[in-house]
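In what follows, a structure is listed as structure tokens, so that the remarks can point back to it.
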Amino acid sequence: MKLKKVYMLFSLLVVFSMMLAACQPATAEGTETPPTEAPDVATEAPAAATEAPVVTTDRHGGWLDEIDVSVVDGESALTQLQAGTIDFFSFNLASDVYPAIKEAGLSSTQSLGGYYGISFNPAIFTDTSVLNPFSNRKIREAMNWLIDRNYVNQEIYAGGSLPKLLPITTQLVEYTNLVDTARALESKYAYNVEKAKAVIDAEMPGMGAELGADGKWQFNGAPVTIAFLIRPDGDGTRKPIGDYVSNQLESIGFTVDRQYKTSSEAFPIWLGTAAVDGQWTMYTAGYNSSGLGSLRDESGNIQQSYLNTSVQAGEPYISNVSDPEFQKLGDDLAQGKYSSKEERDAWMARALELSLEDSLFVWVIDQQVYAPYNNNVQATFDLATGPESTNVGPYNLRFIDQEGGTMKIGTNDLFTQPWNTVAGSNWVWDAHVMRATAMGTSNINGGAGLMADPYTGLAYPQRIESAELTY
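Numbered per our numbering, the sequence shown spans residues 346 to 816.
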């Protein structure tokens, strides 16, 4: 506890020093500051400085008395903040909303965090009268050419986010480490509808489908229909992504059943049914990182995002039959079996190539995101994720210059999965509340021995005194 107080005092001193530095008068570029002449007469000695009083508190735990969390539609978040219905909308909003946040006079967090893509059902359906084109890896791979990620960024995100092709975060640590491979793959899989159509046209007949006179794919005399779960909730951008991808698929002969469902409605179908049952074919998937610390090494993303050994331990992963080389590389990377950085980087480069050939997920966008709040709120966030994913957030959330009070927080959804402390919900809005209320009991939910610096990702001691590495 003493260590924690010393660390907190040190942090405050750093903040105060930064504030004092920021208050120094600026000098216009290219000009000199005129010299100050010495006074002609002596002046009285300045009065002895008076030390600022030390602010103390008997408070334990968080700064707030109560936090009221409710589900709020992202489209109404700014209006509800201005009306005082909520104080903080903790779920990230997309970059296209940032101008409206500034116009409303609100504060906001700003992070590289959250990424969206298309999740495919990889199974051959039990009902063999229904064809699943995405049980074919080559058709999933072709989807990378069918999606114009730059168009999505400009039209849906106002150009404020980053097109995403790979299972690593665009332009962060891992991407920079493997930049030659990343750029080569981005060039290879650049938007090309003709190439996507050529691959699909070559593969579909081998699966028993034929192109009808109306230009639509048929199987057993019926249209090849894709059941597409499209999320209209959250920051509101998954719906236009889903509609755009649907339009692209329809333009090359598929029939798309667009099913608009919230997270609570879509989850029981996407992850809660057996893939072979065929209740869905595609889903607008979205993920948040757990912070900058986790993004310094993204080698575990291969296994997590594609393989049937994924730590997510459910559908659609367990139904995916991957290339054996890809399976071994992903598992070995996740378990750190490499013997040097050079070997690790070579494995990662090859795994990125194979991930696009597998394409259980086709990634679309890496977001620049914003979580708005009223100006009397103090919130902490991680540069690589929003306030709902950072471990440090619950320790600092408060009203400025105030102890206590009830803070009203709005988020996208709640109770998508059970709030168990073991193997419970990993949805970001659920985990946010769990983290804030289980700080002393769960390593995952905020009671960790180490705390990641939200600006560097490096670890600081939180509940430990010392540690030793044995190898």
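Cβ atoms here follow ideal geometry from the backbone N, Cα and C, with glycine treated the same way.
{"Item": "Three or more C-beta pairs under 8 Å: does that hold for the stretch 509-526 against the stretch 466-474?", "Value": "no"}
{"Item": "In the DSSP assignment, what residue or residues form a beta bridge with P508?", "Value": "I710"}
{"Item": "I'd like the list of long-range same chain contacts for Y534, defined as Cβ closer than 8 Å, with 5 residues on each side in sequence excluded.", "Value": "N489, W490, L510 and L701"}
{"Item": "Would a C-beta distance cut-off of 8 Å place P732 and R780 closer than the cut-off?", "Value": "no"}
{"Item": "Look up E660 in the DSSP assignment and say whether it is helix, strand or coil.", "Value": "coil"}
{"Item": "Output the distance between the C-alpha atoms of G802 and D472, rounded to the nearest integer angstrom.", "Value": "48 Å"}
{"Item": "Would DSSP call A768 helix, strand or coil?", "Value": "coil"}
{"Item": "Tell me whether G785 is buried or exposed, calling it buried when 16 or more other Cβ atoms sit within 10 Å of its Cβ.", "Value": "Low confidence applies here, because G785 scores a pLDDT of 44, under 50, leaving its location unreliable and the question unanswered by this model."}
{"Item": "Whole beta strand (DSSP E) runs in the stretch 449-496 with 3 or more residues, listed along the chain?", "Value": "456-465"}
{"Item": "For the stretch 740-758 against the stretch 423-431, are there 3 or more C-beta pairs whose distance is under 8 Å?", "Value": "yes"}
{"Item": "Given a threshold of 16 other Cβ atoms within 10 Å of its Cβ, counted over all protein chains shown, does A776 qualify as buried or as exposed?", "Value": "buried"}
{"Item": "Using 8 Å as the threshold, is the C-beta distance between Q604 and A572 below it?", "Value": "yes"}
{"Item": "With distances taken between CB atoms, is the gap from N721 to D578 smaller than 8 Å?", "Value": "no"}
{"Item": "So is the beta-carbon of L530 under 7 Å away from any non-hydrogen atom of the ligand GTP?", "Value": "Absence of the ligand GTP from the depicted structure is noted, as is the absence of any ligand whatsoever, leaving it without description."}
{"Item": "Quick one: complete alpha helix (DSSP H) runs, 4+ long, within the stretch 623-656?", "Value": "646-651"}
{"Item": "Go ahead and label R485 buried or exposed: buried means 16 or more other beta carbons lie within 10 angstroms of its beta carbon, across all protein chains shown.", "Value": "buried"}
{"Item": "Nearest to D676 by alpha carbon, out of G659, Y651 and A543?", "Value": "Y651"}
{"Item": "What residue from V737, R494 and V497 has the CA that sits closest to D798's CA?", "Value": "V737"}
{"Item": "Skipping 5 residues on each side, what residues in its chain have a beta carbon closer than 7 Å to that of T761?", "Value": "S608, S609, F612, S770, W772 and D775"}
{"Item": "Counting only the same chain and skipping the five closest in sequence on each side, list residues whose C-beta sits under 7 Å from that of I446.", "Value": "L423, S453, Y715 and P717"}
{"Item": "Taking the straight line between their C-alpha atoms, what separation do you get for A543 and P478?", "Value": "15 Å"}
{"Item": "Measure how close the beta-carbons of D703 and F671 come, nearest whole angstrom, since I'm counting them as under 8 Å.", "Value": "6 Å"}
{"Item": "Would DSSP call V544 helix, strand or coil?", "Value": "helix"}
{"Item": "How big is the Cα-Cα spacing for A529 and F744?", "Value": "48 Å"}
{"Item": "Taking the alpha-carbon of R808 as reference, which of V767, T815, M796 and P550 has the nearest alpha-carbon?", "Value": "M796"}
{"Item": "Straight-line CA distance for E688 to A658?", "Value": "28 Å"}
{"Item": "Does the Cβ-Cβ distance between P585 and W708 come in under 8 Å?", "Value": "no"}
{"Item": "With DSSP collapsed to three states, give me the class of T430.", "Value": "coil"}
{"Item": "Give the single residue among L457, G636 and L674 whose Cα lies nearest to the Cα of T654.", "Value": "L674"}
{"Item": "Considering just the uninterrupted stretch of the alpha helix (DSSP H) at G738, what are its terminal residues?", "Value": "G738 to N741"}
{"Item": "How big is the Cα-Cα spacing for A439 and G566?", "Value": "42 Å"}
{"Item": "If you run the structure through DSSP and keep just helix, strand and coil, what is W774?", "Value": "helix"}
{"Item": "Please report how far the alpha carbon of A503 lies from the alpha carbon of G631, in whole angstroms.", "Value": "19 Å"}
{"Item": "Start and end of the alpha helix (DSSP H) containing F573?", "Value": "Here F573 belongs to no alpha helix (DSSP H); instead the beta strand (DSSP E) covers T570 to I575."}
{"Item": "Helix, strand or coil for L523 per DSSP?", "Value": "coil"}
{"Item": "Take L574 as the anchor and find which of Q563, W562 and S591 has the nearest alpha-carbon.", "Value": "S591"}
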